[in-house]
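Notes to accompany the following structure.
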Amino acid sequence: MAYIINLDECIGCGACADECPVGAISEKDGKYVINADECLDCGACEGACPVGAPKAE
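See below:
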C-alpha cells in the first residue's frame, strides 16, 4: 500500500520530498506527488509534512 498526497492539503513546501529515502516524491505544478511504484511505505513523508497531506492509501 503506497502513500498518496492529498493535493488539496499540499502547500508545496517540499518537506516530504526531502525526507523520502528513495526519491519517490517529485514536484508537479507546485504540488508534490508520490510515485507509487517507488514508494516503500515507510511513512517518512507523513511525519515530515507540516499539514499532514501524505496519507497511507
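The sequence shown begins at 534 in our numbering and counts up by one. Just so it is clear, CB atoms sit at the ideal spot from N, CA and C, and this is done for glycine as well. All values derive from a computational prediction rather than experimental measurement.
field: Enclosing alpha helix (DSSP H) for ALA548 [first to last residue]
entry: DSSP places ALA548 in the uninterrupted alpha helix (DSSP H) bounded by 548-552.
- request: Would you list the residues sitting across from ALA557 in a DSSP beta bridge?
  value: None; ALA557 has no bridge partner.
query: Around the C-beta of PRO583, are 16 or more other C-beta atoms found within 10 angstroms, so that it is buried, or is it exposed?
result: When all chains shown are included, PRO583 counts as exposed.
Simplified DSSP state of ALA581, which is helix, strand or coil: For ALA581, the secondary structure class from DSSP, reduced to helix, strand or coil, is helix.
field: Reference LYS564, options ASP570, GLU542 and LYS588, closest by Cα
entry: GLU542 is the residue among ASP570, GLU542 and LYS588 whose C-alpha sits nearest the C-alpha of LYS564.
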